[in-house]
Amino acid sequence: MKFAEHLSAHITPEWRKQYIQYEHMKEMLYDAVDSIPIECQEHEFLEIVQKFDEQFTHFCEKELNKINSFFAEKLAEAVRKFNDLKNELDSVIPGSGDQDQFEVQFTTPPSFQQSKETQKKQSRKLLKKINDLKLAFSEFYLNLVLLQNYQTLNFTGFRKILKKHDKLLNTNAGNQWRQNNVDHARFYTNKEVDKLIEKTENIFANVLEDGNRSRAMKRLRVPPLNAQQSLWTTFRVGFYSGVLIILCAALLLQSIQSSDVIKFNYLCLLFRGPFYIWLFIFLLGINVYGWRTSGVNHVLIFELDPRDHISEQHLFEVSFFFAVIWALSLLGYSYATSFDIDGNLFPLATVILFILFLINPTKTFRHTARFWLLRVLYRLLVAPFYAVTFADFWLADQLNSLSILFGDAIFYIFFYINFYYLNSDHNASHMPHGKTYLTCRAIFAALPAWFRFVQCLRRYRDDNYRSLFPHVVNAGKYSTTFFVIAFSTLTELTSTIPGDPSSSSFFYFWIAALVISSIYTYSWDVIMDWGLMNVRSTENCLLRNELVYSKPYYHMAYIGDFVGRTMWAFTISLNQVGNIDSDWLGTGVATIELFRRFVWNFFRLENEHLNNCGEFRAVRDISIAPITLNSINNHTNGFHKTGAIFKKKDKKNHKLRRSTNQYSIKRSQDDSKSSEVTLLMDTTRTISHKDYDKL
1 MKFAEHLSAH ITPEWRKQYI QYEHMKEMLY DAVDSIPIEC QEHEFLEIVQ
51 KFDEQFTHFC EKELNKINSF FAEKLAEAVR KFNDLKNELD SVIPGSGDQD
101 QFEVQFTTPP SFQQSKETQK KQSRKLLKKI NDLKLAFSEF YLNLVLLQNY
151 QTLNFTGFRK ILKKHDKLLN TNAGNQWRQN NVDHARFYTN KEVDKLIEKT
201 ENIFANVLED GNRSRAMKRL RVPPLNAQQS LWTTFRVGFY SGVLIILCAA
251 LLLQSIQSSD VIKFNYLCLL FRGPFYIWLF IFLLGINVYG WRTSGVNHVL
301 IFELDPRDHI SEQHLFEVSF FFAVIWALSL LGYSYATSFD IDGNLFPLAT
351 VILFILFLIN PTKTFRHTAR FWLLRVLYRL LVAPFYAVTF ADFWLADQLN
401 SLSILFGDAI FYIFFYINFY YLNSDHNASH MPHGKTYLTC RAIFAALPAW
451 FRFVQCLRRY RDDNYRSLFP HVVNAGKYST TFFVIAFSTL TELTSTIPGD
501 PSSSSFFYFW IAALVISSIY TYSWDVIMDW GLMNVRSTEN CLLRNELVYS
551 KPYYHMAYIG DFVGRTMWAF TISLNQVGNI DSDWLGTGVA TIELFRRFVW
601 NFFRLENEHL NNCGEFRAVR DISIAPITLN SINNHTNGFH KTGAIFKKKD
651 KKNHKLRRST NQYSIKRSQD DSKSSEVTLL MDTTRTISHK DYDKL
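Going by full-length UniProt numbering, the first residue of the sequence shown is number 1, and it counts up by one from there.
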């Protein structure tokens, strides 16, 4: 692999502009060589080279100053962060600043038996605080490794480009300039990052992992930036996709050969929910692939663990697995009558399997990703009571595009109650209808918009009510959905001619609400969510100065988002002039909306990524409010006695043990363990000078 490709693959995306402009400098060299006449005298050649060297050296000095300044800034931030984390750790574990020996000492009330519950409560708080510190130190360690890589990449870039300079121009000026300037530059000679890495490793191992350095280094280990996917994952993706193709072919043949008249209306309503779920996961996998290959750091934006998160192949695996279940269910429904089986059990079983997959409490089937999703869903349900993160409102936006699932959930409830309990002849023609059903469906369909509405109000509150824009204005956008759903339901309830919404007096109110909502949401998509339509952009007209993707994609996104937001006009027109069932029209609109959201995701995360680039934010900023001994004493009614300590019982569970004496932990000096740690440290740091010499 050439160094230019290696540099592009290993830079920190949020710091992209702060790296050496290797490609541009290489183009300068090639242009200079091309400008030299084939036949020229030696003095002419030297004059051309000297003139170019003045420009090239000036550019190198500019790049060197840029790199030195940025490195000094990030190093100062790292030192401040290290001191803050160390102070917070000292407040939890007094004496932890001494890496060779420290004492863990807390206070407990005099009567242990009378305050057992209080002790447990305090212990849980302290244990949570220590776990938070572990997360903060591991994220800080990642930042140090990125900064260390920044040093090595830029030094190697200078060495490579100046070596190429001397080779192309047949001179030694580049090597001399490197020795006089780069070899003595602050970003290269400063070893403070290495010292901070070593201190962080020692504190994490000796204090937070009870002297177990192998476990500490496993927790701190930074994964390779170009880590390959598991072969088994790739195999399963191929296997599931192959099975899905076979099942789809079988379904197609069965539908052609079947002479039965299938009741497509409720068949569509029963099976489209699981279809949307696996299709959404598949499209999300494409999103992740696009973000990763374009340098959009979705791991940071969603605040995922960079050491443990799912890739696009994992999403494809889950998607195709769900698709196989869905296709088997549909095939089972098709042949149910041949085996005297109730076919309506198949879609219900599919939904139950999907739910069980999500809430499965065991550490199987991508449990880390599932638990993360469940936590975000919980925060979404209680949105007004928690601060809102990007992942929270991003997921709520996805649910707004999947709002049809909420209405279908009510259909499932009413359909199966009616089919199995109220309808004695089990006639599927008894579809859910009536005022109660339509009202419940409207309420459930409005839930996603409600989640985003209260999230916006919560963010307005967390912003100290400073300005109505953007949070309250954004809440107004989601409030238009309430009017659309309300007037749509009233139109359906008051239509004098079945299937003709224009016969209702609320029809025009519904159309007006749709028009306002479409204009509102489309404008917000393009201007606020994507950060486009910037009239002040000097480089890209009506876009923005910084772009990640090619320009044609943005223009196509403008059109696609507009079509998706106004598709309702097309469906209402078809419903008025044609004989197309509204359920099938709704299914088509929901599918188009899913693809619109798929495109929206690319540009929404691009905009967030560029904001992180503007702040040079490359890792999660995890701050911990320090817990002091005084705060612990406040829970003990003023009684003091030395005693409670934390100690690990085994590798998986942390349990509290109490003692009446001070407990001290000494750093192990075992030579064999030290050699093991040295090996782990070497494998953890991902870039070395020797590695680049091989490029």
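The beta-carbon is built from N, C-alpha and C at its ideal position, and this holds for glycine as well.
* Cβ-Cβ distance between Phe415 and Ala445 below 7 Å -> no
* Asked: Ordered along the chain, which non-local residues of its own chain (more than five positions away) have a Cβ less than 6 Å from that of Tyr437?
  -> Phe414
* **Residue environment, Ala512, which counts as buried when at least 16 other CB atoms sit within 10 Å** => exposed
* Buried or exposed (CB count within 10 angstroms, at least 16 for buried), Ser111 -> For Ser111, the predicted structure reports a pLDDT of 48, less than 50, and the residue's modelled location is therefore unreliable. A value from the coordinates is still provided. With fewer than 16 other Cβ atoms within 10 Å, it is exposed.
* Beta-carbon proximity check, Ala349 vs Leu247, cutoff 7 Å -> no
* Can the beta-carbon of residue 697 be found closer than 7 Å to that of Ile67? -> Past the edges of the chain, shown from 1 to 695, lies residue 697, and the structure says nothing about it.
* To do: Answer yes or no: do Glu63 and Ile20 have a C-beta to C-beta separation smaller than 7 Å?
  => yes
* Asked: Which residues bound the alpha helix (DSSP H) around Tyr386?
  -> Counting along the chain, Tyr386 falls outside any alpha helix (DSSP H), and DSSP gives it neither H nor E.
* Asked: Thinking C-beta only, is Phe158 closer than 7 Å to Val193?
  -> no
* To do: Go ahead and label Asn83 buried or exposed: buried means 16 or more other beta carbons lie within 10 angstroms of its beta carbon, across all protein chains shown.
  => exposed
* **Reference Leu85; option with closest CA among Tyr266, Ile203, Ser255 and Ala396** => Ile203
* **Cβ-Cβ distance between Leu304 and Ile281 below 7 Å** => Result no, Cβ atoms of Leu304 and Ile281 do not sit closer than 7 Å.
* Output the residue ranges of the alpha helix (DSSP H) runs that lie fully inside the stretch 197-246 and measure 4 residues or longer, sorted by chain position. => 213-220
* CB-CB length for Glu312 against Val296, believed under 8 Å -> 13 Å between Cβ atoms; not a contact.
* Which whole runs of the alpha helix (DSSP H) in the stretch 403-473 are 4 residues long or more, in chain order? -> 403-417, 435-445 and 447-462
* Asked: Out of curiosity, what's the CA-to-CA distance linking Arg213 and Asn206?
  -> If you take the alpha carbons of Arg213 and Asn206, they lie about 7 Å apart.
* To do: Starting from the N-terminal side, write out each stretch of the alpha helix (DSSP H) that is 4 residues or longer and does not extend beyond the stretch 558-582.
  => Counting only unbroken stretches of 4 or more residues, the alpha helix (DSSP H) elements lying wholly within the stretch 558-582 are 567-577, in sequence order.
* Quick one: Cα of Asn534 to Cα of Arg617, how far? -> Cα to Cα, the separation comes out at about 24 Å.
* **CA nearest to the CA of Leu353, picked from Ile527, Leu402, Ala216 and Pro274** => Pro274
* Could you tell me the distance, in whole angstroms, from the CA atom of Phe137 to the CA atom of Asn143? => 10 Å
* Skipping 5 residues on each side, what residues in its chain have a beta carbon closer than 6 Å to that of Tyr554? -> Leu543
* In whole angstroms, what separates the C-alpha of Lys655 from that of Leu126? -> Here the model assigns Lys655 a pLDDT of 37, short of 50, so the residue's position is not dependable and the matter cannot be decided.
* **Limits of the alpha helix (DSSP H) - the one that Glu42 falls within** => Glu42 to Val92
* Asked: Would you report the Cα separation of Phe140 and Ile130, rounded to the nearest angstrom?
  -> 15 Å
* To do: Compute the beta-carbon to beta-carbon distance between Val49 and Leu169, rounded to the nearest angstrom, for a pair I have assumed lies under 8 Å.
  => 5 Å
* **Pick from Tyr335, Glu606 and Phe385 that is closest to Phe451, judged by C-alpha positions** => Phe385
* Counting only runs that start and end within the stretch 320-361, where is the alpha helix (DSSP H) found for 4 or more residues in a row? -> 345-359
* To do: Please classify Arg536: does DSSP put it in a helix, a strand, or coil?
  => coil
* The alpha helix (DSSP H) with Gly157 in it runs from where to where? -> Per DSSP, the continuous alpha helix (DSSP H) segment holding Gly157 begins and ends at Lys116 to Leu169.
* **Supposed contact pair Arg604 and Asp561 - C-beta distance, whole angstroms, cut 8 Å** => Between Arg604 and Asp561 the Cβ distance is about 11 Å, and since that is not below 8 Å, they are no contact.
* Asked: Which residues in the same chain have their Cβ closer than 8 Å to the Cβ of Tyr22, if we skip the five residues on either side of it in sequence?
  -> Phe3, Ala4, Leu7, Gly157, Lys160 and Ile161
* Any idea if Asn172 is buried or exposed, counting beta-carbon neighbours within 10 angstroms, 16 or more meaning buried? -> exposed
* To do: Give me the Cα-Cα distance between Thr337 and Val484, rounded to the nearest whole angstrom.
  => 41 Å
* Please determine, among Glu606, Thr491, Leu447 and Val563, the residue with the shortest C-alpha to C-alpha distance to Leu402. => Leu447
* Three-state secondary structure assigned by DSSP to Tyr19 -> coil
* Inter-residue Cα distance where the pair is Arg307 and Asn601 -> 23 Å
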